[in-house]
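First comes the structure, then the notes that go with it.
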Amino acid sequence: MFKKFLFFAILLTSMVTFGQEVRFGAQAGYLNMQDKATYDGTSVSENYSGFFVGALADFTLSESFHLQPSLNYGSVDDTSFLIIPVMAQYHIQESGFYVQAGPQGTISLEDTAEGFNSFGLDLGVGAGYQINENFFVEAKYAFEITNRYSGDGSDDIKSRINTLSVGLGYKF
């Protein structure tokens, strides 16, 4: 866990040195998590709703490209998560709209059942709209690419958590 944190700290520090402009901000909104398990051709899934709140840094790399890492606390169905997306954004000129994609780490802050990993790596995609210089809205869906189940070493059991977030943000 410490190695992952150190990696993200080094990544953020290197982004500060290369970014032309850095803005910080806050965001919050609706969070939906889909827990999906597959075994021997049978699939079961459940959806849980909650909220997220967090902080972000927006690195302007060029007029059209931004890099936006954030650190969010999410709560769904009495379960807490730490959600760490690093989104590359392409801003469509003079429209206010942008599309984004990038990796996202999701860490369960609760005790996980035996055989399950607390960390998952996701691939996030989404879109947003810059309302004015400070306010923005965005939606993002993240597909988990890692298997949360590692119990008996069997590749037959797959467990993934996909997330949908829709929120409002403010950049200082």
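Using mature numbering (1 follows the signal peptide of the UniProt record, and there is no 0), the letters of the sequence shown correspond one by one to residues -19 to -1, 1 to 153. By construction, the Cβ of each residue, glycine as well, lies at the ideal position given by its N, Cα and C atoms. Keep in mind that this is a model prediction, so the values were computed, not measured.
Spatial neighbours of residue i in its chain, beta-carbon cut-off 6 Å, leaving aside the 5 residues before and after
{"i": "Gly55", "result": "Leu12, Phe33, Phe62 and Ile64"}
{"i": "Met14", "result": "Tyr29, Val57, Ile142 and Thr144"}
{"i": "Asn53", "result": "Phe33, Gly35 and Ile64"}
{"i": "Phe100", "result": "Ile88"}
{"i": "Val80", "result": "Tyr71 and Ala108"}
Residues bridged to residue i (per DSSP)
{"i": "Asp16", "result": "Glu27 and Ile142"}
{"i": "Gly86", "result": "Ile65 and Leu102"}
Option in the options with minimal Cα separation from residue i
{"i": "Asn128", "options": "Phe116, Ile142 and Gly10", "result": "Ile142"}
{"i": "Gly96", "options": "Ser146, Gly150, Ile138 and Gln8", "result": "Ile138"}
{"i": "Tyr20", "options": "Asn53, Ser140, Phe153 and Gln8", "result": "Ser140"}
{"i": "Glu75", "options": "Glu125, Ile112 and Gly86", "result": "Ile112"}
Assigned exposure category for residue i - 16 Cβ within 10 Å defines buried
{"i": "Leu37", "result": "buried"}
{"i": "Arg103", "result": "The displayed chain sequence assigns Asp, not Arg, to residue 103. Buried."}
{"i": "Tyr130", "result": "buried"}
{"i": "Glu125", "result": "buried"}
{"i": "Ser51", "result": "buried"}
Cβ shell of residue i (< 7 Å), same chain only, five flanking positions each side left out
{"i": "Tyr110", "result": "Gly77, Phe78, Phe117 and Val118"}
Coarse secondary structure for residue i, derived from DSSP in three states
{"i": "Gly96", "result": "coil"}
{"i": "Asn53", "result": "strand"}
{"i": "Arg4", "result": "strand"}
{"i": "Gly132", "result": "coil"}
{"i": "Asp39", "result": "strand"}
{"i": "Gln74", "result": "coil"}
{"i": "Thr60", "result": "strand"}
{"i": "Gly150", "result": "strand"}
Sequence-distant residues of its chain with Cβ nearer than 8 Å to residue i (five each side left out)
{"i": "Pro84", "result": "Pro66, Val67, Leu102, Asp103, Leu104 and Gly105"}
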